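A short write-up of the structure that comes next.
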């Protein structure tokens, strides 16, 4: 037997926008559809505000897959809610079911369901290795406050060079974590954990404080650089990111023109008026705004004309190998041309070969960063790099 749990993710968005009454209508309509579909197959259980579950038994693998596909199609058909037509999004988790341990089966199915949501998959089967990762994620989340207090976090800086001169003109601050027991933890592992906790603003404040202090030292030594800092949607939720930046700029005496904030391209850029307000305030302070990972998959460019953007950072997936890849070359040329037309600076990410660097310079891309120029470095190594240059 297998247990299937799925969540109507659209209900969360609807509840935030319109309240619980429309959510109840949405869930009721989907529940009625699924009950009818499964009436001769399995009982349907409502196991949460927007979650349903059912158990399939005595079926072949092909038969189960066919039922899951029918459930997906029925659950994601358009629904009329509060005068609006909606296309629900649903993600499900599947696991083996043993009636003697139903609660653990439900937990496993929910774990797989969240993985399906993260991966944007309709269904994901539970894997025991996922439990190991969840336990590790939980440990990282609980150890993070101590990591901040005990200086386990540190910064490295990746140089940004001007392609015309190969001169270092900026650095991007990147967070690292040397756990006292686990050793070096990959940013790809711990950053998503931080973003899922309430500690993201605290970590960002630490990064701002440390990196601006380091930048002040470099400026005092005559190094004319731009410092790039990454921020996430979570950093805007408190509504005070401009004030936090201004406080540190005043403390360090750093000219705002030396600072650039990087925001990752995505739907949240244009859908949140609060984000737009804060970006406008940051821009008015004299801080530059850059769009990171540009061209990585999001295709609506309307925000380029509505947000105070100064720089476009071309995603590494387009840069790597683009001179010999016709489609990538066309996209990179188009992005650089668009940036020039709009008056934006362009920075290419992930440049790894001389061929890529030369081709980007020919296309009038202004700056670049990547391993061909330098890996992320500790502050003392940035000093040495400048002396060599």
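In our numbering, the protein residues as written are 2 to 390.
By construction, the Cβ of each residue, glycine as well, lies at the ideal position given by its N, Cα and C atoms.
Note that the coordinates shown come from a computational prediction; the quantities given were computed from them, not determined experimentally.
- Residue 263 is bridged by DSSP to 231, 291.
- DSSP places residue 119 within a helical segment (H, G or I) once states are collapsed to three.
- Residue environment: residue 253 is assigned as buried (16 or more neighbouring CB atoms within 10 Å of its CB, all protein chains considered).
- Residue 202 and residue 232 have their C-alpha atoms spaced approximately 9 Å apart.
- Where residue 94 is concerned, there is no enclosing alpha helix (DSSP H), although the beta strand (DSSP E) around it starts and stops at 91-97.
- DSSP places residue 3 within a strand segment (E or B) once states are collapsed to three.
- Given a length threshold of 4 residues, each whole run of the alpha helix (DSSP H) inside the region 182-263 is given here in chain order: 188-196, 201-221, 242-253.
- About 10 Å separates the beta carbons of residue 92 and residue 76, which is beyond the 8 Å limit, so they are not a contact pair.
- With 16 or more other Cβ atoms inside 10 Å of its own Cβ, residue 320 counts as buried.
- In this structure, the CA atom of residue 378 is about 5 Å from the CA atom of residue 158.
- Annotated three-state conformation of residue 159 is strand, per DSSP.
- Within its own chain, the residues whose Cβ lies closer than 7 Å to the Cβ of residue 257, once the five positions on either side in sequence are excluded, are 250, 286, 287, 288, listed in chain order.
- One alpha carbon belongs to residue 161, the other to residue 373, and they sit about 11 Å apart.
- Here residue 9 is bridged, per DSSP, to 91.
- In the DSSP assignment, residue 42 falls outside any alpha helix (DSSP H) and carries neither an H nor an E.
- For residue 314, the number of other beta carbons within 10 angstroms of its own is at least 16, and it is reported as buried.
- When DSSP states are grouped into helix, strand and coil, residue 171 belongs to the strand group.
- Of the residues assessed, residue 167 falls on the exposed side of the cut-off, its CB having fewer than 16 other CB atoms within 10 angstroms.
- Between residue 87 and residue 387, the C-beta spacing is not below 8 Å.
- For the pair residue 385 and residue 94, the Cα-to-Cα distance works out to about 52 Å.
- Judged by DSSP in its simplified three-state form, residue 113 adopts helix.
- When secondary structure is reduced to three states using DSSP, residue 323 falls in the helix class.
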